[in-house]
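Residue numbers (mature numbering (1 follows the signal peptide of the UniProt record, and there is no 0)): -30 to -1, 1 to 116.
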Amino acid sequence: MSWILSSPIFGYVFVLLLLQNLGSHMFVNANAIECNQSWQKTTPFQMCQVDSKGTYTNYACKWCGRADNGKPSATDCEGPSGKPLNTAGSFVCDVAMEYDDIKHVARPIRCTHLDTDGVARDYHCARRHLNQQCPQELCHIVNKGS
């Protein structure tokens, strides 16, 4: 008889787990620029490059950040020494992220991460997890071309 009373609780927990799993895709800013080619945290502007079917648009943005508070990240990464990282889930690219399939075919995502010693290092990853996003109203086009 006690399982009948607990079934609404299980339903509620299931919905919470589902929302948590989909959360990174549910609360995305509709007016955000998705930096799907590259992103660099530089000053005074952050640089964002978008690849739209072979046409590249470069933006200079006053600020970038995801509406869902996710960080730009990638998966299946190897460190500067070439050894695979022992991380569960994705690896945060908090300085830059760029698609570079010429030098690193197996791991074409260059993920620049600020290590605990304060040094920014390049890691190479197989797949992107979350791209950086920048609000359109805080960006201007630097150039556009193929």
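Quick reminder that beta carbons are idealized off the backbone N, C-alpha and C, glycines included.
Computed from a predicted structure; not experimentally measured.
Subject >> C-alpha gap between residue 102 and residue 7, whole angstroms >> reply: The sequence position of residue 102 within the sequence shown is 132, counting from 1. The sequence position of residue 7 within the sequence shown is 37, counting from 1. Take the alpha-carbon of residue 102 and the one of residue 7: they are about 10 Å apart.
Original post:
So, residue 72 versus residue 95, is the Cβ gap smaller than 7 Å?
Top reply: Reading the sequence shown from its first residue, position 102 is the one you call residue 72. Reading the sequence shown from its first residue, position 125 is the one you call residue 95. Taking C-beta atoms as the reference points, residue 72 and residue 95 fail to come closer than 7 Å.
Original post:
Where do the ends of the beta strand (DSSP E) carrying residue 107 lie?
Top reply: Sequence index remark: in the sequence shown, residue 107 carries index 137 (1-based). Residue 107 -> no beta strand (DSSP E), and no H or E assigned at all.
Original post:
Can you tell which of 109, 113 and 114 has its C-alpha closest to the C-alpha of residue 14?
Top reply: Taking the sequence shown and counting its residues from 1, the one referred to as residue 14 is at position 44. Nearest option by C-alpha distance: 109.
Subject >> Selected residue, minimal CA-CA separation from residue 63, among 69, 41 and 74 >> reply: The count along the sequence shown starts at 1 and reaches residue 63 at position 93. The shortest Cα separation from residue 63 among 69, 41 and 74 belongs to 41.
Original post:
What span of residues does the beta strand (DSSP E) with residue 117 cover, start to end?
Top reply: The structure shown does not extend to residue 117, since the chain is modelled only from -30 to 116, so the question has no answer here.
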